[in-house]
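Below is one structure, written out as structure tokens, with a few remarks after it.
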Amino acid sequence: MAASMLKVAVTGISKCARQVAPVLRTYSTSKVLCQDVPETVWKLGRLNHVAIAVPDLEKATALYRDILGAQVSATVPLPEHGVYTVFVELGNTKLELLHPLGEKSPIAGFLQKNKSGGMHHICIEVDDINAAIVDLKARKIRTLSEEPRIGAHGKPVMFLHPKDCDGVLVELEQA
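In structure tokens, the structure reads:
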């Protein structure tokens, strides 16, 4: 009796399973996987880093270096951006620890609202930052500056307004 109930249950499950559309899971590749994506003259690349605003840069650096065992960079001041940065190397990307430099630092304002710190932005590489900016502005995506600036890696960067990017501050960086 138990065997026949199990057979009915399995048969019922397999009938339900046949009605569900198959799910195809893929990992990130350089190929375009969706035919509905409009062709552009620029391409989105890999995730370069996730930036975290921290109230205590030494403490945050020690966490990743001494407790979690990550390789971390030296502290680098970027006065033109109003921040100190430390990069934490991960196998497939980096974390960028941000701390205010100067009174007009955008990170100081972020930390006033978020006393413990937190995720500040994501950075994605693009193969042609100038073409990306022209295209995105034409699509009504606002940028936080008129022209790209040189970022922490010595490459041109542009920040996209979070209100146009589902609440996420997105940094584009020239690959």
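So the sequence shown is numbered by the UniProt record's numbering: it starts at 1 and just counts up by one.
Every residue gets a Cβ at the ideal spot worked out from N, C-alpha and C, and that includes glycine.
Check the C-beta distance from residue i over to residue j and give it rounded, since I have them as a contact under 8 Å.
| i | j | result |
| --- | --- | --- |
| Lys110 | His99 | In the sequence as displayed, the identity of residue 110 is Phe instead of Lys. The Cβ separation is near 11 Å, so there is no contact. |
Please classify residue i as buried or exposed, where buried requires at least 16 neighbouring CB atoms within 10 angstroms.
| i | result |
| --- | --- |
| Lys137 | exposed |
| Lys115 | exposed |
| Arg25 | For Arg25, the pLDDT reaches just 48, beneath the cut-off of 50, and the residue's location in the model is therefore unreliable, although a value from the coordinates is still provided. So Arg25 counts as exposed. |
| Gln174 | buried |
| Lys59 | exposed |
| His49 | buried |
| Ala74 | exposed |
| Gly167 | exposed |
Since residue i sits in a beta bridge, which residues does DSSP pair it with?
| i | result |
| --- | --- |
| Leu95 | Val50 and Val88 |
| Arg149 | Val157 |
| His121 | Ala51 |
| Gln174 | Val126 |
| Pro100 | Val83 |
Less than 8 Å between the beta carbons of residue i and residue j, yes or no?
| i | j | result |
| --- | --- | --- |
| Val83 | Ile107 | yes |
| Val126 | Gly45 | yes |
| residue 201 | Leu47 | Given that the chain is displayed from residue 1 to residue 175, the structure contains no residue 201 and the question cannot be resolved. |
**Request:** Would you list, in sequence order, the uninterrupted beta strand (DSSP E) runs of no fewer than 3 residues that lie entirely inside the stretch 37 to 80?
**Result:** 44 to 53 and 76 to 78
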